[in-house]
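**Q**
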Amino acid sequence: MTVEIHEILPPLREELAIHPGPQHWDGSPTWTIHDPTGHRFFRIGWQEFEVLSRWSLATAERIAAAIAAETTWQADAVAVQRLIDRLRNAHLLVPISPGDRQRHLYRQRQQQTGWLRWLLHHYLFLRIPLVHPDEFLQRTLPLVRWMFNGWFVGALVITALSGGLMILHRWEEFVGSFPFFFSLSGMLAYSGAIVLSKVVHELGHAWTARHYGCRVPVMGVVLMVLWPVCYTDTHEVWKLPSRRQRLVVGAAGMMAEITLAACASLAWGFLPDGPWRSAAFLLASSIWIFTLAVNLNPFLRFDGYFLLSDGLEMGDLHPRAFRLGRWYLREFLFGLGAAPPESLGPGWCRLLIGYAFLTWCYRFILFFGIALLVYEKFFKVLGLFLFAVEIGWFLLRPVLAEFRAWVLLSPQFRFSFPMLRTLTLLLAVVAVITLPWRITAVTMASVLQAGGQTVVFSPVPSRIDQILVEPDQRVSRGDFLLTLEDPDLSYRRDRVERSMALLRWQLTQPATDDDPLVSEPVLQQELARSQAEWQALQREQQQLHVVAPVDGTVVDMANDLTPGQWLAKDEPLLTIISNEYPLVKGYVAERDRIRIVTGGVGRFYPDNSDEPPLSGRIIRIDQTPTHYLPTPWLASLYGGEIPVRQLKDGRLVVEGSYYRVDLELDSNRSVNQMSRGVTVIQSASESLAFRWWRLASDILRRQMGF
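Right under this line is the structure:
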């Protein structure tokens, strides 16, 4: 069927310039269109060039006829019109028709953003031009032109290998320098080294672009989520017809940094200890780490991305890959039968689709991590707001846009195998999420102990006279445990008793008026004071008879208690535990706390396999996480499972959010000593959706408690 298209084509914009491009992989020529207004570049193939070279024919029908008569491409008006639409969508034509003007106005409205959208965009990505370096680069280019020779690359390789071998030979000494840089002064020095290396990096791009005749209009800083990143505007390298030259410009920044790192590594091996050696270490370590970890990343628009784009001869690699990825996703899910957004071979399609999905996965992990970071680094209200912005702008917005595209495509949905597969998978996912399932039981580190336990301390500084009990011995309340002695107390009591005896003797003697100090009233007053002091000393003496405060069993008795041993005040001597109400005390992680409820059933399994497991019910669940761990038995420092760090005063600080849970045992088993183990708690059957909702609401409720 022949399609007649008689629409008069609008003229091309006069300011556009066309430059020869690199040869395509299949050997066909390419050209680059430069749009100076938006400083944009477009790569076109020979078919687009044939259309543009015959633009004066004014209609798609005439252009198609001329191409078919003069070239090997048997073009028709529909194919030509498709290429013309691509130029129109790129806004390379003068908008003279009502449709073109409408599209032009729509594009202008899209570019005009409200204050809120402007603020969000510039918080996430703010470009700050600092200098216009083109004149400076042109003047200083002769000073660095010698670096573009082949012999320099060879010398650089030798230097890098020599410095690397020297570092490997003295690796422990090199790595041993890192702890210093965790101090404030060290971090400032390290930051200065990174800034210097990044300035050298950008100058490498700029000088190389100028070496190949490209203009460098601006250099500056980009704030990506308030994190500064240097940038150099080297868009004009798209004018270069040689792919090798563009690759050299793209790699020049890393090559400049590697040159600096290689020289610093070699200098570190020869310099004596001092500030210059420290500076060499700073440059070498910062460049090797950040250049390899950041700049070679092909998933973000850093050097690795542009090298991959130039190497594949694919400008706008991200948009093209994402269009193919979305097309493949829609075809896989709905089987629309739509043509791919561009004609590429099967191998290229698979490569770009795989790259698109890898980039999406990487960006999800990266942006979610950034969201958590900004939440932690800012105060709570601002942190929550920035967290929501990160999640909404970077993660939810693209997903919602794709959902909207699916809604617009819904009239094209037809029953097919992909559609049946999608519906089946959707129903399976909904069933897995909404139906209640038996979730894995909660396991928590626990310790078995008596419900009541009393630690007996030494009442005063004293010396052990007798030990009257043994470990695991049953005692009753009031039974003697130890007798202590205090020589100073005995001396003071003897002195008071002698004073009392003297006063009583004086009161039996006849009264005289010669000495008023020995009169009967005075002697009676002195005797009363001495008797009060003696009674106080008697009470202290009674404290030296240590008795059992409760009924129970003696446990945790110090092995080094022997008669004659000196004790400090409040020194622990032994523990008496009650056998009537044994408890299991454990600590459950935050992610599992919402899965258990008071009254839930649990089973305690002691570490000692000779002891039988015990069943019980939950009687207590703390609502706030435990900050200090009172039970050293469960601490990671002592072989337990609760991660802790110890303060100078001996307290154990819990690392992470753990909540205390108490279980009351069903059996009347006698418990004579503490026993470590794990408790397995049966969790109720619930749907994953309900579990996620409870987890999210629980976290939100705690975080909103300002």
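With our numbering applied, the sequence shown corresponds to residues 340 to 1045, in that order.
All residues carry an ideal CB built from backbone N, CA and C; glycine is no exception.
1. Relative to the alpha-carbon of Pro637, which residue among Gly650, Asp818, Leu906 and Glu980 has its alpha-carbon at the smallest distance?
2. Would you verify that the beta carbon of Val557 is, or is not, closer than 8 Å to some beta carbon of chain D?
3. Rounded to the nearest angstrom, how far is the Cβ of Leu605 from that of Met505, given a contact under 8 Å?
4. Do Met783 and Val568 count as a contact pair if the criterion is CB distance below 8 Å?
5. DSSP state of Pro468, grouped into three classes?
6. Does DSSP put Thr937 in a helix, a strand or coil?
7. Would DSSP call Pro969 helix, strand or coil?
8. Suppose only complete runs of 4+ residues qualify. What are the alpha helix (DSSP H) ranges in the stretch 483–518, listed by chain order?
9. I need the straight-line Cα distance from Trp1032 to Met558, nearest angstrom please.
10. What do you reckon, are the CB atoms on Gly939 and Gln1021 nearer than 8 Å?
11. Within this structure, are the beta carbons of Ala300 and Gln420 separated by less than 8 Å?
12. Assuming Ile730 contacts Ala710 (C-beta within less than 8 Å), just tell me the rounded distance between them.
13. Going by DSSP, what residues sit across from Phe819 in a beta bridge?
14. Report all residues from its chain with a CB closer than 7 Å to the CB of Gln1047; omit the five preceding and five following residues, and keep chain order.
15. Going by DSSP in three states, Phe638 sits in which element: helix, strand or coil?
16. Suppose the cutoff is 7 Å on Cβ atoms and the five residues either side in sequence are ignored; what does the same chain contact list for Ser581 look like?
17. Measuring straight from C-alpha to C-alpha, what distance separates Pro611 and Thr376?
18. Taking the CB atoms as reference points, tell me whether Val560 and Thr571 lie closer together than 8 Å.
19. Going along the chain, which unbroken runs of the alpha helix (DSSP H) with 4 or more residues stay wholly within the stretch 552–588?
20. Could I get the ranges of all uninterrupted alpha helix (DSSP H) runs contained in the stretch 664–726, with 4 residues as the minimum, in chain order?
21. Leaving out five residues on either side along the sequence, give the residues of the same chain with a beta carbon under 7 Å from the beta carbon of Ala595.
22. Taking DSSP as the reference, what is the three-state secondary structure of Phe796?
23. Can you tell me which of the three DSSP states Trp905 falls into?
24. Do Arg942 and Pro952 come within 8 Å of each other at the CB atom, strictly closer than that value?
25. Under three-state DSSP, which class holds Ile597?
26. From the DSSP output, read off the bridge partner residues of Tyr977.
27. Using the three-state DSSP reduction, which class does Pro737 fall into: helix, strand or coil?
28. Mind reading off the beta-carbon distance from Asp811 to Thr892? Whole number of angstroms is fine, and I expect it under 8 Å.
29. Could you tell me if Thr698 is buried or exposed, where buried requires 16 or more neighbouring beta carbons within 10 angstroms of its beta carbon?
30. Per the DSSP calculation, Gly925 is bridged to which residue(s)?
31. In its own chain, which residues sit with a C-beta less than 8 Å from the C-beta of Pro468, not counting the 5 before and 5 after it?
32. According to DSSP, is Ala1028 helix, strand or coil?
33. Looking only at its chain, what residues have a beta carbon closer than 6 Å to the beta carbon of Ala603, apart from the 5 residues adjacent to it on each side?
34. Quick test of the definition: if touching needs 3 or more C-beta pairs under 8 Å, does the stretch 952–968 touch the stretch 994–1003?
35. Taking C-alpha atoms, which residue in Glu387, Leu355, Val835 and Pro969 lies nearest to Gln877?
36. Would you call the CB atoms of Asp818 and Ser801 closer than 8 Å?
**A** In this structure, then:
1. Closest by alpha carbon: Gly650.
2. Included in the structure is just one protein chain, with no chain D present.
3. 7 Å
4. Annotated as distal: Val568 and Met783, with beta-carbon spacing of 8 Å or more.
5. strand
6. Correct three-state label for Thr937: coil.
7. coil
8. 489–508 and 510–514
9. 48 Å
10. yes
11. Nothing can be reported for residue 300, as the shown portion of the chain is limited to 340 through 1045.
12. 5 Å
13. Val886
14. The structure shown has nothing for residue 1047, since the chain only spans 340 to 1045.
15. coil
16. Pro361
17. Using only the alpha carbons, I get a separation of about 55 Å.
18. Taking C-beta atoms as the reference points, Val560 and Thr571 fail to come closer than 8 Å.
19. none
20. Counting only runs of 4 or more, we get 685–716.
21. In its chain, beyond the 5 residues on either side, Val539, His540, Leu542 and Gly543 have a beta carbon closer than 7 Å to the beta carbon of Ala595.
22. Three-state DSSP puts Phe796 in a strand.
23. strand
24. yes
25. Helix at Ile597.
26. None, per the DSSP bridge assignment.
27. If DSSP states are grouped into helix, strand and coil, Pro737 belongs with the helices.
28. At roughly 6 Å, the Cβ-Cβ gap stays under 8 Å, so Asp811 and Thr892 are in contact.
29. buried
30. Answer is Ser785 and Val1000, bridged to Gly925.
31. Val557, Met558 and Gly559
32. helix
33. Excluding sequence positions up to five before and after Ala603, its CB lies within less than 6 Å of the CB of Ala619, Leu622 and Ala623, all in the same chain and listed in chain order.
34. yes
35. Val835
36. no
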